[in-house]
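Novice: My questions all concern the structure below.
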Ligand code: GLU
């Protein structure tokens, strides 16, 4: 059945460094998917881990998005201000038996062949006074979903990973939990993100189900790699975007998405280029290569 609900998309960077070309491509793809369908587009800063986030990164990312004319339809949401919501979802999941305390050390996990020993799921082991993480209890079900670009996907997630941590021992909330809680909170209908996150989807699907929420559509675009075939990221020293050259950057990002913008638009404004891109956006043209 085709849904008549308004498309609501988002770009949700973790502020571990300034915006680079790879993240611009992701931001642009999610923006164009939303705008080409008369949808709404939001920005969410996933600032969950202050130890990995230089304090200037959030401001730099927001400034870059603005200079590239990628304006959100609502004020930016910051995950650092959403701790209460994450706490209550963890309480809820614990209450229905889908989250549990785990005080296992790395050593203990290694001794168990890198898998999580299931005894932590047993309530009686939660009285320990040691620091604990919270884990989400996966089920054995095989998850199926339709990626909007990559087609049918399936994963028996429990066979591949152990129950994901949703709150770390240090008290930081994990991406897996926060991304689902906030996509639900913001009414996100469609998630467009890099294919490096494809393997996260089945776990997230299980969290949606545990919360009784409708999962969004997912579309994973190929990640941009450097000459050595590495993902562009801060770890691989991807250079920050040059905010003085938004039109050139957007043009290059559209080309990376295989959209073939007309050359004369290179000498025009960012607004005109984005207008062209919204009208001509063709997600089917995005290359399916490199993952
Ligand atoms: N915050 C995540 C990242 O920067 C992306 C989250 C998502 O799009 O689901 O890698």
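Numbering (the working numbering), first residue to last: 1 to 291. Glycine included, every Cβ here is placed at the ideal spot set by N, Cα and C.
#1: Measuring CB to CB, does residue 179 end up less than 8 Å from residue 204?
#2: What does the alpha-carbon distance come out to for the pair residue 106 and residue 168?
#3: Around the ligand FMN, which residues pass a check of Cβ closer than 5 Å to any of its heavy atoms?
#4: Going by C-alpha distance, which of 66, 76 and 132 is nearest residue 100?
#5: Between which two residues does the beta strand (DSSP E) carrying residue 11 extend?
#6: Between which residues of its own chain and residue 278 is the CB-CB distance below 8 Å, once the five residues before and five after are set aside?
#7: Examine the Cβ distances between the stretch 194–212 and the stretch 157–166 and report whether three or more of them are shorter than 8 Å.
#8: Would you call the stretch 42–57 and the stretch 256–265 in contact, with 3 or more CB pairs under 8 Å?
#9: Are the Cβ atoms of residue 115 and residue 79 separated by less than 8 Å?
#10: DSSP on residue 282, reduced to helix/strand/coil?
#11: Given a threshold of 16 other Cβ atoms within 10 Å of its Cβ, counted over all protein chains shown, does residue 213 qualify as buried or as exposed?
#12: Measure the beta-carbon distance from residue 41 to residue 73 and round it to whole angstroms, keeping in mind my assumption that it falls under 8 Å.
#13: Output the boundary residues of the alpha helix (DSSP H) element that contains residue 217.
#14: Taking just the CA atoms, how far does residue 242 sit from residue 130?
#15: So residue 26 and residue 194 are supposed to be a Cβ contact under 8 Å. How far apart are they, rounded?
#16: Over what stretch of residues does the alpha helix (DSSP H) that includes residue 203 continue unbroken?
#17: Considering Cα atoms alone, identify which of 218, 54 and 274 is closest to residue 28.
#18: Classify residue 210 as buried or exposed, calling it buried when 16 or more other Cβ atoms lie within 10 Å of its own Cβ.
#19: Which residue wins for smallest C-alpha separation from residue 18, given the options 217, 281 and 238?
#20: Just to check my reading of the structure: residue 216 and residue 189 have Cβ atoms closer than 8 Å, yes? What is that Cβ distance to the nearest angstrom?
#21: Out of 147, 229 and 186, which has the shortest C-alpha to C-alpha gap to residue 199?
#22: Exposed or buried, which one is residue 96 when buried takes at least 16 other CB atoms within 10 Å?
#23: Taking only beta-carbon atoms, is residue 278 less than 8 Å away from chain B?
#24: With respect to the beta strand (DSSP E) encompassing residue 63, which residues constitute its N-terminal and C-terminal limits?
#25: Measuring only the C-alpha atoms, how far is residue 62 from residue 10?
#26: Hey, how far is the Cα of residue 249 from the Cα of residue 16?
#27: Identify whether residue 171 lies in helix, strand or coil by the three-state DSSP scheme.
Specialist: Here's the rundown:
#1: Yes, the pair counts as a contact, with Cβ atoms nearer than the cut-off.
#2: 13 Å
#3: The ligand FMN is not part of the structure shown, which contains the ligand GLU as its ligands.
#4: 132
#5: 8–11
#6: 32, 35 and 36
#7: yes
#8: no
#9: no
#10: coil
#11: exposed
#12: 6 Å
#13: Note, residue 217: premise wrong, no alpha helix (DSSP H); beta strand (DSSP E) at 217–221.
#14: 47 Å
#15: 5 Å
#16: 201–210
#17: Comparing Cα-Cα distances from residue 28 to each of 218, 54 and 274, the minimum goes to 274.
#18: buried
#19: 238
#20: 5 Å
#21: 147
#22: exposed
#23: Going by chain labels, chain B is absent from the structure shown, which holds only one protein chain.
#24: Unbroken run through residue 63 is the alpha helix (DSSP H), 57–67; no beta strand (DSSP E).
#25: 14 Å
#26: 21 Å
#27: coil
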